[in-house]
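Asks: This structure is in structure tokens; I'll ask about it shortly.
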Amino acid sequence: MSNEAWRGKSYLAEKDYTGRSLLDIIELAQSLRQERADGLEEQRLIGKKIALVFEKASTRTRCAFEVAAFEQGASTTYLGPAGSHLGKEESVKDSARVLGRMYDAIAYRGFAQRTVEELSLYSQRPVFNALTDEWHPTQSLADVMTMMSHSTSSLSQISFVFVGDGRNNVARSLLITGAMLGMDVRICAPKELWPDAVTISLANDFAIESGARIKVDHDPKEALYNVEFVYSDVWLSMGESKELLGQRVELLSPYQVNSSLIEHTGRDDWKFMHCLPALHDETTLQGLELLERFGTTAFEVTDEIFESENSIVFDQAENRLHTIKALLVSTLS
Ligand code: CP
Ligand code: NVA
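Residue numbers for the sequence shown follow numbering that gives the first Met the number 0, beginning at 0 and rising by one.
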């Protein structure tokens, strides 16, 4: 099951691999999903130990690593935002060398990309980027797997649009992944929130090789035309100052995924995707806070779209498990 491109390697960003090797993980995830559903899962990671170092909150990513490891016979240790010395009393370099002596691999969620790179360098173990400010490379694997399951088109014919803060980790990971896989990739955002020029240029370079079509556009009418998957994410990412919120709401309100925006697809078979968590009603503390401040509970997506039959967000969330499991098996078995 392990694969030479992945065995013993870190996964810090999609760009460090090839489109073919990303697809290998997704294909393995598809077969692991089937094995699990049939009750025939084989354990390939018995005795392996994985440290989960999370400096930001997480539900899906943490649970996907924990359940994937458990189902494959490995064990995990969770070190939460307040639970370790990392970056506070102890340098990343020193913590990495300690963890490397005890664990077979490390998953890290936090802020700077350089932290995950340092962990990989000094632990000398495979390190998985479980989200940084720059990239969310385990998310994009699950996202492509979900699109493949919900589309009748071949991978290169699948189109998706990310609507919202085009500079955030999820948008950048999707842009690069779609470019590497030869897909029809669109980012729909106000110009102030377009991905940085280096990332756009990297996506264009990958597209020359893969045949991907890349469009970054501020106009939802253009960007959503005939697109199959409409993807959104929070308007303020973890770690960003709450002071930015007013400005973000102003910039991004025209990009809320609601029924009028969806009309630009011109299709009935559009599907809605979101990495989650999503702000779409008043059932969260954050939702209530925003209701008080802005008089609405719908930000990046309305409750109507989120709860519609076209929403595939929970299949997407489940696929975090299968893809993270495939990553663990490919690197550690
Ligand atoms: N999509 C995602 O990364 O979710 P969590 O923040 O819950 O891990
Ligand atoms: N862009 C979001 C993704 C959460 C999974 C954030 O970084 O908070």
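For glycine and all other residues, C-beta sits at the position ideal for the given N, C-alpha and C.
On a predicted model such as this, the values are computed, not experimentally measured, just so you know.
Please list the segments of the alpha helix (DSSP H) lying wholly inside the stretch 239 to 316, counting only runs of 4 or more residues, in order along the chain.
Replies: 244 to 251, 258 to 262, 284 to 293 and 302 to 305
Asks: Please classify Gly210 as buried or exposed, where buried requires at least 16 other C-beta atoms within 10 Å of its C-beta.
Replies: exposed
Asks: Compute the Euclidean distance between the alpha carbons of Gly177 and Pro80, then round it to the nearest angstrom.
Replies: Cα-Cα distance, rounded: 31 Å.
Asks: Just reading off the beta strand (DSSP E) that Leu78 is part of, what are its end residues?
Replies: For Leu78, the enclosing beta strand (DSSP E) has its first and last residue at Ser74 to Leu78.
Asks: Run through the stretch 107 to 170 for me and flag every whole alpha helix (DSSP H) of 4 or more residues, listed as ranges in chain order.
Replies: 112 to 122 and 136 to 149
Asks: Quick check: is any heavy atom of the ligand NVA less than 7 Å from the C-beta of Ser240?
Replies: Answer for Ser240: no, Cβ out of range of the ligand NVA.
Asks: What ranges does the beta strand (DSSP E) occupy inside the stretch 176 to 202, keeping only unbroken runs of at least 3 residues that lie completely in it?
Replies: Residue ranges of uninterrupted beta strand (DSSP E) with 3 or more members, entirely inside the stretch 176 to 202 and ordered along the chain, are 183 to 187.
Asks: May I ask you to verify whether the stretch 286 to 301 touches the stretch 232 to 251, counting CB pairs closer than 8 Å and requiring at least 3?
Replies: yes
Asks: Please tell me whether Leu320 and Ala63 are closer than 8 Å, where the distance is taken between their beta carbons.
Replies: Contact: yes.
Asks: Please return the same chain residues whose Cβ sits closer than 7 Å to the Cβ of Ile323, not counting the five positions on each side in sequence.
Replies: Ala63, Phe64, Ala67 and Thr137
Asks: Can you tell me where the beta strand (DSSP E) holding Lys48 begins and where it ends?
Replies: Lys48 to Phe53
Asks: I want to see whether chain B comes within less than 8 Å of Glu40, judged by CB atoms only; does it?
Replies: No chain B appears in the structure shown, which is made up of a single protein chain.
Asks: Expressed to the nearest angstrom, what Euclidean distance is found between the alpha-carbon atoms of Ala73 and Leu130?
Replies: 22 Å
Asks: Put Glu89 into one of helix, strand or coil per three-state DSSP.
Replies: Three-state result, Glu89: strand.
Asks: Do Pro136 and the ligand MN come close, with the Cβ less than 7 Å from some heavy atom?
Replies: In terms of ligand content, the structure shown lacks the ligand MN and carries the ligand CP and the ligand NVA instead.
Asks: Decide if Arg113 is buried, meaning its Cβ has at least 16 other Cβ atoms within 10 Å, or exposed.
Replies: exposed
Asks: Taking 7 Å as the cut-off, is the CB of Asp232 close to at least one heavy atom of the ligand NVA?
Replies: yes
Asks: Secondary structure at Ile105, three-state DSSP: helix, strand or coil?
Replies: strand
Asks: Please report the residue range of the beta strand (DSSP E) in which Lys8 lies.
Replies: Taken as a continuous stretch (DSSP letters only), Lys8 belongs to no beta strand (DSSP E), as it is neither H nor E.
Asks: Please confirm whether any heavy atom of the ligand CP lies closer than 7 Å to the CB of Leu275.
Replies: For Leu275, the Cβ falls inside the 7 Å cut-off from some heavy atom of the ligand CP.
Asks: Can you say whether Leu39 is buried or exposed, counting buried as having 16 or more other CB atoms within 10 angstroms of its CB?
Replies: It counts as exposed.
Asks: Can you tell me which of the three DSSP states Ile213 falls into?
Replies: Correct three-state label for Ile213: strand.
Asks: How is Ser94 classed by DSSP in three states: helix, strand or coil?
Replies: Ser94: helix per DSSP, three-state reduction.
Asks: Report, in whole angstroms, the separation of the C-beta atoms of Val143 and Asp232, which I expect to be a contact under 8 Å.
Replies: That pair is no contact at about 16 Å.
Asks: Assuming Thr198 and Asp314 are in contact, meaning their beta carbons sit under 8 Å apart, how far apart are those beta carbons, in whole angstroms?
Replies: Going by Cβ atoms, the distance from Thr198 to Asp314 rounds to 27 Å, so no, they are not a contact pair.
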